[in-house]
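J.: Below is a structure I'd like to ask you about.
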Amino acid sequence: MKLTIIGSGGSIMSKSRSYPAYLINDEVLFDCGEGTTQKLINLGVIDKINLICLTHLHNDHFMGIFSLLWYYWLTKRKTSIKIVGPPKTQMTIEKIMELSHTPADLGDFHIEYIELEDNSNDQEFNYKYKIKATRMKHGILTFGYRIEDGASAITYSGDTSPDQGLVSLARDSDILICESTFPDSLQARAHTYNHCTPSDAGDIANKSHAKKLILVHISPIFEDMMLEMRRSAAEKFSGEIIIGKDLLIKEI
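Spelled out as structure tokens, the structure:
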């Protein structure tokens with residue numbers, strides 16, 4: 000599998016980091032933050048996207064979906080697209096489209112919505128790949144995702160504080176993409192706001208026996224602390240640790 004980081008940033012966008020979006024094999028998107036559409040165009044893969052998995056409905060993780068759907072409408076896309084997300088994903092997207100005077104049917108292509116159940120911790124569905132969604136520990140209903148192709152696995156945390164559910168979801172993953180919103184010096188604040196620190200991410204990677212850890216959801220406030228944050232993760236995890244960057248590509 001191939002992972003392309005479209006957006007490695009957190010709640011505050013910066014010059015070098017867009018809002019969260021992670022592309023698998025040029026066709027599956029985990030989250031779709033603002034800035035995603037232009038980068039997919041630049042990469043030449045925008046028309047290959049067939050599945051979008053949203054972790055939750057906080058602004059920074061899904062608002063890019065509107066420019067993406069608008070692009071598909073104006074370029075007369077004909078193939079259908081699936082959008083997976085928490086309950087009320089369809090209602091939320093369609094309401095914002097209505098308020099922005101965007102046609103609900105978007106022309107010739109069909110949007111199939113798959114809404115995850117809010118009373119179930121683990122849910123699986125198949126789309127060329129096996130995809131599993133597990134509830135995370137965040138301020139609103141949030142899901143992490145795992146994608147497998149039979150030979151390798153990639154897990155994405157979305158936003159979460161440390162949780163056994165993520166350890167289980169990431170078990171033996173080739174790559175764990177884990178949010179690290181706050182440095183360890185602000186661990187109490189991180190957990191209060193339902194986020195992780197680098198040492199939290201390292202501990203999750205260690206307990207899940209992941210092979211590689213990519214730290215993401217990085218704020219410009221802490222950009223000059225990247226080496227320190229990497230060292231914090233390394234205190235818990237002896238495998239390869241990568242600081243996520245926009246347009247970074249990793250192949251398994």
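Sequential numbering from 0 applies to the sequence shown in numbering that gives the first Met the number 0.
Note that CB positions come from ideal geometry on N, CA and C, so glycine has one too.
#1: Roughly how many angstroms separate the alpha carbons of valine 215 and phenylalanine 181, rounded to a whole number?
#2: Nearest-angstrom Cα distance between lysine 206 and methionine 135?
#3: What is the residue span of the alpha helix (DSSP H) that glutamate 26 lies within?
#4: On a Cα-Cα basis, can you pick out the residue from Leu67, Thr154 and Leu165 that is closest to glycine 34?
#5: Thinking arginine 170 and histidine 137 are a contact (beta carbons under 8 Å), I'd like their distance in whole angstroms, please.
#6: Mind reading off the beta-carbon distance from serine 198 to aspartate 183? Whole number of angstroms is fine, and I expect it under 8 Å.
#7: If you compare alpha carbons, which of Tyr71, Ile51 and Asp121 is closest to proline 19?
#8: Look at the Cβ atom of glutamate 114, then the Cβ atom of isoleucine 80, and state whether they are nearer than 9 Å.
#9: Could you check whether asparagine 125 and threonine 159 sit closer than 9 Å to each other, using their CB atoms as the reference points?
#10: Over the uninterrupted beta strand (DSSP E) stretch that includes aspartate 121, give me the two end residues.
#11: By alpha-carbon positions, which one of Cys31, Glu26 and Asp30 ends up nearest to glycine 43?
#12: So, under 8 Å CB-CB, threonine 78 and phenylalanine 108 are touching, yes? Tell me the CB distance rounded to an integer number of Å.
#13: Please classify aspartate 121 as buried or exposed, where buried requires at least 16 neighbouring CB atoms within 10 angstroms.
#14: If you measure between the beta carbons of glycine 164 and alanine 204, is that distance less than 9 Å?
#15: Output the boundary residues of the alpha helix (DSSP H) element that contains isoleucine 146.
#16: Please name the residue, chosen from Ile220, Gly157 and Ile241, that lies closest to threonine 54 on a Cα-to-Cα basis.
#17: Applying the criterion that 16 or more other CB atoms from any shown protein chain within 10 Å of the CB defines a buried residue, is serine 179 buried or exposed?
#18: Whose C-beta lies closer than 8 Å to the C-beta of glycine 201 among residues of the same chain, with five residues either side of it excluded?
#19: What first and last residue would you give for the alpha helix (DSSP H) that runs through glycine 6?
#20: Hey, tyrosine 155 and tyrosine 21 are a contact pair by Cβ (cut 8 Å); roughly how many whole angstroms apart?
#21: For isoleucine 248, count the other beta carbons within 10 Å of its own beta carbon; 16 or more makes it buried, fewer makes it exposed. Which is it?
#22: Quick one, which of Ile82, Asn24 and Leu73 has its alpha-carbon nearest cysteine 31's?
#23: Closer than 8 Å: is that where the CB of arginine 76 sits relative to any heavy atom of the ligand PLP?
T.: So, from the listed chains and residues:
#1: 11 Å
#2: 16 Å
#3: Unbroken run through glutamate 26: none, as it is neither H nor E.
#4: Leu67
#5: 20 Å between Cβ atoms; not a contact.
#6: 5 Å
#7: Ile51
#8: no
#9: no
#10: 121-126
#11: Glu26
#12: 6 Å
#13: exposed
#14: no
#15: From DSSP, isoleucine 146 is part of no alpha helix (DSSP H) but of the beta strand (DSSP E) over 142-147.
#16: Gly157
#17: buried
#18: Leu212, Ser231, Ala232, Ala233, Glu234, Lys235, Phe236 and Ile240
#19: No alpha helix (DSSP H) contains glycine 6, which is instead part of the beta strand (DSSP E) from 1-6.
#20: 6 Å
#21: exposed
#22: Ile82
#23: Ligands displayed in this structure: none; no statement on the ligand PLP is therefore possible.
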